[in-house]
Structure formats: C-alpha cells, structure tokens
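Inspection log for the structure reproduced underneath, given as structure tokens.
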Amino acid sequence: MHVAPMGIASFEQVPLKRNVLKHEKATAHRLLKANFELVAKSLKLSDVLGIEVNIFSDHRAEFLMAETAISIFLKCPIDLNNKIFNCTSELIASQFMDEYAKNSADDCTAMVEKLSSKILKLLIALEKRISSPWELGGKEEFFVVVNEFFPDGGCDYFRKSYAAYFASPLENRF
C-alpha cells in the first residue's frame with residue numbers, strides 16, 4: 000500500500016483555497032457594485048421626478064445584495080440578531096448614503112467603484128480580525144477595524160449612533 004506524503008495533500012489544497020477566496024472577493028465586489036448602482040439609480044430617479052420612488056419591495060431590501068456580501072465574508076447567514084452583521088450592514092448603508100449626498104455629479108460610477116472597493120477591503124479585514132462573538136470581544140474587534148477604515152467614525156449617521164464610543168480615547172472604548 001502506497002501512501003502519499005503529507006505535504007502533497009496540503010500543497011494541493013492551497014491553490015484551491017486561494018481560488019475560493021479570489022472567487023468570494025469577486026462575487027462580493029460585484030454584489031456591492033450592483034447594489035450601490037441600483038440604489039444610486041433609484042435615488043437619482045427620485046431626485047429627477049421630485050417624488051420618492053422605491054423600486055424595492057421594502058426598505059430593508061434596499062441593501063440586500065450588500066448584506067449577501069457581508070454574509071459571504073463573515074461566514075454567517077443574513078441574521079438580524081447578529082450584532083456584527085447588523086452593524087456592518089448599517090455602516091455600509093449609511094456610508095453609501097453619505098457618499099451619495101456628497102456626490103454632485105450626475106454619474107455616480109466613480110463613487111460606486113471607489114466605495115465598493117473600500118467596503119470590500121473592510122469586509123476582508125473584518126473576516127480576518129473578528130474572532131469572537133459580539134459580547135465576548137467581537138464588539139471591540141469590530142470597532143478597531145472600523146476605526147481604521149473610517150477614523151472619523153464613518154458617516155454622520157453612524158458617528159452619531161456610536162458617538163460615545165468614538166469620542167472616548169481608544170484605551171477606554173471597551
């Protein structure tokens with residue numbers, strides 16, 4: 000009976016893992032871009048018509064594709080009881096709305112590309128660095144990562160929601 004050396008089996012799995020990660024990143028990036036483009040077009044239509052136009056079945060569905068990207072990276076189902084998932088979802092939605100409000104151009108393509116790339120990097124960092132549930136240190140890990148990507152606390156809404164957290168010195172935040 001011939002047994003293959005251990006190194007061969009693990010060597011063969013490394014490229015597969017890299018391809019899966021590359022595929023996950025590409026899928027998440029496409030989801031983020033498509034979601035941001037769709038929401039931007041809906042908002043532009045509302046601006047042009049002067050009335051609120053909602054092309055989504057409900058308000059929660061507006062960022063469903065972004066939530067799917069979150070679930071890919073955080074390895075969890077879309078779960079409204081998961082605080083890390085919820086905070087990430089809220090941060091993405093509010094960051095998009097803040098960037099949309101700042102963008103005066105008729106074409107949001109550049110803003111969508113830049114924001115989707117930044118959010119993808121955020122999701123990758125969250126996946127790598129959050130290793131605990133929210134109550135057992137995940138909150139601290141989450142905010143350390145978010146603070147690196149959005150040192151001002153993110154957009155106005157998110158900063159106001161967590162004003163006490165972002166106002167305190169880093170060593171006192173937890």
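Under numbering that gives the first Met the number 0, read the sequence shown as residues 0 to 173, first letter to last.
Glycine included, C-beta positions come from ideal geometry on N, C-alpha and C.
Please read all numbers here as calculations on a predicted model, not as lab measurements.
(message) Can you give me the C-alpha to C-alpha distance between Ala-33 and Ser-131, rounded to a whole angstrom?
(response) 30 angstroms
(message) Quick check on the burial criterion: 16 or more other C-beta atoms within 10 angstroms. Buried or exposed for Ala-100?
(response) With a 10 Å radius around the Cβ and a threshold of 16 neighbouring Cβ atoms, Ala-100 comes out exposed.
(request) Tell me, to the nearest whole angstrom, how far the beta carbon of Ile-91 is from that of Phe-62; I am working on the premise that it is less than 8 angstroms. (result) Ile-91 to Phe-62, Cβ: 6 angstroms. Contact.
(message) Within a Cβ cutoff of 7 angstroms, which residues of the same chain sit near Gly-137, ignoring the five residues on either side of it in sequence?
(response) Ile-83, Ile-129, Ser-131
(request) Drop a sphere of 10 angstroms on the beta-carbon of Ala-60, count the other beta-carbons inside from all chains shown, and report buried for 16 or more, exposed for fewer. (result) exposed
(message) With H, G and I counted as helix, E and B as strand and the rest as coil, what does DSSP make of Asp-97?
(response) Here DSSP, grouped into helix, strand and coil, assigns Asp-97 to helix.
(request) Using alpha carbons as the reference points, say which of Asp-57, Asn-53, Lys-74 lies closest to Ala-27. (result) In terms of CA proximity to Ala-27, Lys-74 leads the group Asp-57, Asn-53, Lys-74.
(request) Measure the C-alpha to C-alpha separation of Phe-95 and Leu-114 and round it to an integer number of angstroms. (result) Roughly 7 angstroms between the two C-alpha positions.
(request) Reducing DSSP to helix, strand and coil, say where Met-0 ends up. (result) Because Met-0 sits at a pLDDT of 44, beneath the cut-off of 50, its placement in the model cannot be relied upon, and the following sentence gives the value as read from the coordinates. Residue state, collapsed to three classes: coil.
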